[in-house]
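Residue numbers (my numbering), protein chains in the order written: chain S, 1 to 335; chain U, 1001 to 1297; chain L, 2001 to 2374.
Glycine included, every Cβ here is placed at the ideal spot set by N, Cα and C.
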């Protein structure tokens, strides 16, 4: 599935944001054009995909996002929009007018929710209004960026607004060479324990979590893995693949932490298969050179058996950013 | 436009007329293409003309309107309609109309600002709706047009035809000339433009200028039309008699000087139309390669 | 098969700046008596050679200037004098098409002619009607002629003569010619200007190198688009030769002039039109000599022998022998006063093939199967 960045601009300042500088530097006209959207949809639909994700920055900053969503749905593809829920009055009115009656089977919103205590009041109001209006389309996403993370705000939001009873759990990862709040490698186990301890609360409210990519398997004990297995119904993975991100300028890269590495243009690829093979091969090359986020990943049985990728690649790459170029050139950011 | 030959079977001529005079009576029995002033006239006129007077297309033009302001009638059914609109409008506003268009026999040609028109045409074509842009001799021929040509001929995803490229491609046989004027129904093998006085011409411009044939729709015969069509089809030769600069252009065969204007540089139109020629030949070769050979058993 | 270039008239209505034909104050046209004699000689030859056919190419000047009656008479002689051999005649005609009408076409068609060779010039002032060289009028009449041919389902192909006036615009000219005839169907020739030509003609002349480079510039455009306009010579012929698909080498490229003959309006015969203009290789008059004797003239042996002599002399070791054969013997004579010399025109051919054709196509000349003593 392709992740299309409609714009790289964002109006929030999440402490864990790995793209803050990148978004700050993006020009105002940095929004995806219609012809490029059509190209992307053609590209992936020809490759057999039947869904597309729209991201940012904040995708609702794109002036024609509602049009784009309706267009993609007209093409017969499911649309998932990853948003903060902070939407301008004008765009919100358009969305209410045109999206409220869309088949929920064709549209999903994933609201990336921060703790309201850490969010300005006006933003909370806006986000709340969004969730209330589009509850039947919406599930939550939260980013765990520190220990003693309070999950209760997510449960409260789901209950208050009647959202889908599922939380997409992401770990904040470092952007190689940049400063952002994230869970350090030596904090993974503690984070895991805190999460597992909270599972009964989630289950009491009939809420399930699913992981975003980049979580190392060894952060969990066998017992914890068992609980997770039961909680998720076995739907968990500790492997990462080449998520394909496409920028508004049609640059393509493999997941945002890798956005500084080996960027290509989508136009360089003949088809989806070629694109995926390229980035899969690239990730493999980098993984071979860097290993996992821990030294022990090099001889970890789970990694060798492809049950775990060794955590997010960004942790490993972070180790090489400031060193002399003595390794495979792919592990260094593009100039 | 193919050059009629004596031994080439001719299509039935369709008469292109405005709906400003009683064509139901005066052109009864003839194959027509009707320019209507209101979309609301289409069904009513279609019912009035019935099957006795077949209509190849109803054409409605709104130089300033968009699909937003147009009343799309789901009961148009199979009636062939060509809409010339300035632009698509906001997709979110017209999305439901676009869905309706999918089930109708409608072509939408955009006449507004070129870059926007190209995008609008591409949007509709990608959704399976026959669309296009209106090229005129003054068209800037921006990169948007090149992109649209690329999309129409080289896109790997199926999509609807985009005019004028698809019609030009369909008519181009390698041994004949075509031009964007095909979209203006300038094809002596197929169309005659007729006015309220029953005067005839092969182009609307000729008709309006009074540059008409010496017979009317009342006394037109196949022979008269064929002879007149032959003469008309040779207009391109005048360019060569004068050794006009356009005759030295590699793309003349798909343009025939359509974009010519005195003092105007030909660099851009040469570039764009050369690309179009290559794209048309690519399409033709693709069709030839896909054609089935008869079984030899 | 003998080919007779029958110049029934020297008169021409065109005024071409590069014309190398001898212009007389009173152009000659063949008399009806001599026309009859010609057909008697044709018939006589074919009766003597029952296995042969004969090609007659009506030429000029402008053949139509001889008048319709001449050709109607010729048709009558064909059907009467040559009744027994009529089936073995093949007729062709080279015309500028500016005087063609339905009567001419009917007559030509009755002779079995289904296409006409012509020539064309897009640049105003190089060719036209009258002293002022009215190119617009000329072209208009030319197209009237084309339209008439097509209305009668007749084909046409043309020669384009490259002059100095177009040296700086090869691609423009090429595109113009292919816009005129969409799939090609024309032959590119260099202008031939001789030392005794008028000043105006001299100004049109081009060098061997210039022609080769002009052709090369055009070839660069033709090669990737050859499916769009396949019938452009010399490219198509060279391509066939290089790929072993045929040997359409004619005239100056062929190993021999074969049974080629020029027949003029006064009945005089020569090897070809230029030979007649230069008074060399003259074979006598049909009024007093039968064709068998004319074709057996010992001067022909001189030309035929070139293919035996040149590979060991001027053309020794030349890799392009098989596609050139030393060029036209008349050009050789013009340059060296000796038929057993190589034509100086071969330079443009070699240059074009070596500098452009072979590198662009990646093709190499097929190796000759035996030593080239054909």
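- Those residues of the stretch 55–75 of chain S placed with their C-beta closer than 9 Å to a C-beta in chain U are 64, 66, 67, 68, 69, 70, 71, 73, 74, 75, ordered along the chain.
- Per DSSP, the continuous beta strand (DSSP E) segment holding residue 53 of chain S begins and ends at 51–55.
- The stretch 1137–1157 of chain U makes contact with the stretch 1110–1126 of chain U: 3 or more CB pairs, one atom from each, lie closer than 8 Å.
- Only 2172, 2175, 2176, 2179, 2180, 2182, 2183 from the stretch 2167–2191 of chain L bring a Cβ to less than 7 Å from some Cβ of chain U.
- Under the Cβ distance rule, residue 2101 of chain L does not count among the residues neighbouring chain U, no pair being separated by less than 9 Å.
- At a Cβ-Cβ threshold of 9 Å, residue 294 of chain S and residue 174 of chain S do not count as neighbours.
- Interface residue (Cβ-Cβ distance to chain U less than 9 Å): residue 45 of chain S is classified as such.
- Listed along the chain, the chain U residues whose CB falls inside 9 Å of the CB of residue 42 of chain S are 1126, 1151, 1155, 1156, 1157, 1159.
- Taking residue 163 of chain S as the centre and dropping the five residues before and after it, the same chain places the C-beta of 131, 135, 138, 139, 140, 157 closer than 7 Å to its C-beta, in chain order.
- Closest in C-alpha terms to residue 1020 of chain U, from the list U:1029, U:1259, U:1045, comes U:1045.
- Boundaries around residue 128 of chain S are those of the alpha helix (DSSP H), 121–133, since no beta strand (DSSP E) includes it.
- At a cut-off of 9 Å between beta-carbon atoms, residue 1092 of chain U makes contact with chain S.
- Between residue 2361 of chain L and residue 2223 of chain L, the beta carbon gap of about 6 Å places them in contact (Cβ cut-off 8 Å).
- At least one CB of chain S lies nearer than 9 Å to the CB of residue 1119 of chain U.
- Think of a sphere of 8 Å around the beta carbon of residue 2161 of chain L: no beta carbon from chain U falls inside it, the nearest being about 16 Å out.
- For the 9 Å CB-CB criterion, residue 92 of chain S and residue 133 of chain S form a contact.
- For residue 2178 of chain L, no beta strand (DSSP E) segment is defined; the enclosing uninterrupted segment is the alpha helix (DSSP H) at 2170–2180.
- Contact annotation: the stretch 1046–1053 of chain U touches the stretch 1015–1032 of chain U, with at least three C-beta pairs closer than 8 Å.
- Under a 10 Å Cβ-count criterion, residue 2048 of chain L is classified as exposed, with fewer than 16 other Cβ atoms of the shown protein chains found around its own Cβ.
- Each of U:1158, U:1157, U:1183 was checked against the Cα of residue 1169 of chain U, and the nearest Cα belongs to U:1183.
- For the pair residue 2312 of chain L and residue 2338 of chain L, the Cα-to-Cα distance works out to about 16 Å.
- Closest in C-alpha terms to residue 13 of chain S, from the list S:52, S:51, S:114, S:234, comes S:114.
- For the stretch 81–98 of chain S, the residues whose beta carbon sits under 8 Å from a beta carbon of chain U are, in order, 94, 97, 98.
- Comparing C-alpha distances from residue 2177 of chain L to each of U:1129, U:1252, U:1087, U:1197 shows the shortest one belongs to U:1252.
- Contact of residue 4 of chain S with chain U is not assigned, every C-beta pair being separated by 9 Å or more.
- Contact annotation: residue 1232 of chain U and residue 1202 of chain U have beta-carbon atoms nearer than 9 Å.
- At a C-beta separation below 8 Å, residue 31 of chain S has no neighbours in chain U, since its nearest C-beta there lies roughly 14 Å away.
- Beta-bridge pairing by DSSP links residue 1060 of chain U to U:1036, U:1083.
- The beta carbon of residue 150 of chain S sits closer than 7 Å to the beta carbons of 115 from its chain, once the five residues preceding and following it are set aside; these are given in chain order.
- Any Cβ of chain S closer than 9 Å to the Cβ of residue 1099 of chain U would place that residue at the interface, and such an atom is present.
- Beyond the five residues adjoining it in sequence on each side, residue 2152 of chain L comes within less than 6 Å, by CB distance, of 2105 in the same chain, given in chain order.
- Residue contact with chain U for residue 38 of chain S: present (Cβ-Cβ distance below 9 Å to some residue of chain U).
- Membership of residue 2189 of chain L in the beta strand (DSSP E) is indicated by the continuous run 2184–2190.
- Non-local beta-carbon contacts of residue 2088 of chain L in its own chain, meaning distances under 6 Å to residues more than five positions away in sequence, involve 2046, 2053 in chain order.
- Separation of residue 261 of chain S and residue 334 of chain S (C-alpha to C-alpha, rounded to the nearest whole angstrom) is 5 Å.
- Residue pairing by DSSP places residue 2090 of chain L opposite L:2055 in a beta bridge.
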